[in-house]
Amino acid sequence: MPDKVEGVKPHACVNCSRAKAKCVWLDKDNGICQRCSKHDLACSKSDSVSKRRRGKATHSKVLEQKLDDIMNFLTREKDHALSPVQPAERSSTPCEAGGSATEPQTSHQPQPLAQPSDYAATKMLQGSISIVPGFEISFYEADQALHEYRKTMVPELPFVPLPTENSTILLKEKPLLLKTILSVCRPPSPEISAVFQTWFRQQIADETVVLMNKNVELIQAILVYLAWNDIYFYALAKDTSLLQLAIGLIEDLRLNRSQNTSDHSCGSIVEDAAQLRNDVQPQPNQTNEDQRTLLGVYYLTSTLCSLLGKRNRLEYTAHFDDCCKQLERDQSFTTDSLLVNLVRIQRITTKVSDCYRESIINTTNGPIGGLHSMTVISIENELESFMKQLPTEVKWNHLLQTHYAAARIRLFEPFKYGERNQTIEFAHIRRQMIWQCLSSTQALLEAFRTVPVQSYLSLTFVSILHAALAIIKCFRLLTVDDQAWDASVARSMYNLPQSLDQLSRLFDAASSSGSPRSGIILNGRPMFSEYAEAYRGIGRWYLTKVDASAVRSSPTLEEPFNTYGVDPYGFDFWTQLSELTNGLVP
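Throughout, my numbering is defined as the position within the sequence shown, counted from one, plus 10.
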């Protein structure tokens, strides 16, 4: 029998080991087992293999614990994304400006490792959204901001509605759009706002120029960023590059073209060559989101063209009509009906601008002539027919009413071309048109005053510029020296200083409402207070223009315009705006 160690079981021989048989060694010390002896086999011992004794499976337990921790973490994140958002679910304590709250974890749970490039993702897991350095918003407050955006701001700009109020989902799907909306709904301090403006342009440039990305989210972010900027932003032409980029992205994404491959009326030579080779690639169907984005770019660019005399805009084609009809049929959002009608009335306003542009270029065919008068009558009939067929739910919407009044103001403003030595017939026509223009300015201001004060904070630059248009035209008509016009009679019927005072009070009330947007700072003071002071300054300027004695008799109007703390830059902008809106400075 082989050598034995007390308490240690002998190894099987080679033959028994191969056969997986029981090996019983004979008591005789001849080195042979019972099985090999019975079958007359050569029996030899197998080499002894040292077997390592296993202790406690510490390493295995550590791995199992890590796997359990990972699965628990993923389960929590999944439940967190699917469940309604509540403050207690996001963090144990409210997030503060200097940091963010973290979910409580036991001591044995591993902390997720954060890469330097995943700073925003880490903040997401910790309970806040990092927009720019010094500007963070908790998920709970972000959800509130999205709710306010959908409720109060989308009705002012229905081109970028949101399907969800869950900031966690939106941060994963459209981070740039979410951060832009949050900067609009929760505006930071002026210093941080300047940082955000730089960051926003860098993000747009990085996505489009460096990474060559082209998607609808970029255009939507530009629309939101531009829509709720102040009107002085446009005085410095800070919008030009972003608008041109939005138009270029629309072209590159082919959103302004029909997806019908049989229509090659506007095709490029590349498309023509592909058609000849029978190699036309199928185009993806445009979604409602794509169509809203397309119409939103048209709306903003055409509005700036008609109000500020800009030249870059999307040209309206039959495809735009198809988009409007599709949105009307689907009605994915309740604001789609308003969207479609805003685009349609803006198209009519664009016709007015084109009519005057042609009149300016062709000096031999001035206004109050045959062709011009026919054009005015045709556009007026189209405008009136449009207003009559509006659905009941949007007929008295303040946006449509102000657009309607603004279109009429632009349509009936022949005074800027008028000659003082005209015939009696032309003078009569001019008088009628001037009265219609003046009454339209009052209609616009009245529609503006019907807007609830709490909604002023959600108004886009379009509404503010419409009010500016009415003020400037009314100012001009009440002070113009024209043979066909008695300005003194007009001043007795329309009280511009009173209208401006009412607007100032409304904007002051909006500025003191305590809403996050009421804290936007412009030229060293709250933006809506800045607008209110500008209206008061124009009222004082008007009184000094028409009656210098009124300034001396009123205790509140004893000082000239610029001594009331009105920024000269702001005053210059109103003068510039008067020129841009095709009016002459009084």
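Note that the Cβ used here is the ideal one computed from N, Cα and C, for glycine as well.
Would you list the one or two residues that DSSP bridges to residue i?
i	result
V463	Partner(s): none; V463 has no beta bridge.
S138	S148
D492	W495
W35	C43
P536	I531
K55	C23
In chain order, what residues of the same chain lie with their CB nearer than 8 Å to the CB of residue i, ignoring the 5 residues before and after it?
i	result
P536	S521, S528, G529, I530
V234	L167, V170, L187, T190, I191, V194
S347	E338, Q341, P401, E403, V404
T489	A497, Y552, K555, V556, P596
D331	none
A107	The predicted model places A107 with a pLDDT of 38, which falls under 50 and marks its position as unreliable, so this point remains unresolved.
C26	K32, C33, C43, R45, C46
Q336	N298, Q301
If you check the beta carbons only, do residue i and residue j fall under 7 Å apart?
i	j	result
P171	F343	yes
S388	A415	no
L516	A480	no
L467	S539	no
E183	D153	no
T363	S316	It is Ser, not Thr, that sits at residue 363 in the sequence shown. The answer is yes: Cβ separation under 7 Å.
T311	L324	yes
T470	W238	yes
A519	V463	yes
V461	H408	yes
I260	V307	yes
L506	L448	no
K55	C33	no
D674	L236	Residue 674 lies beyond the residue range present for the chain, which begins at 11 and ends at 596; the question has no answer from this structure.
K320	D262	no
R211	A155	no
L309	Q356	Here residue 309 turns out to be Tyr, not Leu, going by the sequence shown. In contact: Y309 and Q356 (Cβ atoms closer than 7 Å).
L318	V353	no
Going by other Cβ atoms of all chains shown within 10 Å of its Cβ, with 16 needed for buried, is residue i buried or exposed?
i	result
P198	buried
K483	buried
T303	buried
I358	buried
Q301	buried
M503	exposed
N391	exposed
Q75	exposed
G534	exposed
M222	exposed
R264	exposed
S138	buried
R418	buried
I548	buried
T345	buried
L349	buried
I444	buried
A215	exposed
Using C-beta distances below 6 Å, list every residue in its chain close to residue i, excluding the 5 sequence neighbours before and after it, in chain order.
i	result
L513	Y545
C365	T385
K361	I389
I474	I241
V142	V205, F206, W209
L252	I232
Y541	F517
M163	S468
G144	I202
Between which residues of its own chain and residue i is the CB-CB distance below 7 Å, once the five residues before and five after are set aside?
i	result
I42	L36, C53
E299	V226
H329	N266, R267, S268
Q411	A457
Q230	V170, L187, T303
I257	V307, T311, N322, L324
L421	V362, V386, I389, E390
M604	Because the chain is modelled from 11 through 596, residue 604 falls outside the range shown and cannot be assessed.
Quick one: does the C-beta of residue i sit closer than 6 Å to a heavy atom of the ligand SAM?
i	result
E543	For the structure depicted, the ligand SAM is absent and the ligand set is empty, with no information on it obtainable.
Runs of alpha helix (DSSP H) lying entirely within the segment 146-228, each at least 4 residues, in chain order: 149-158, 177-183, 185-195, 200-215, all fully within the segment 146-228.
Alpha helix (DSSP H) runs wholly inside the segment 328-359, at least 4 long, in chain order: Segments of the alpha helix (DSSP H) lying fully in the segment 328-359: 328-340.
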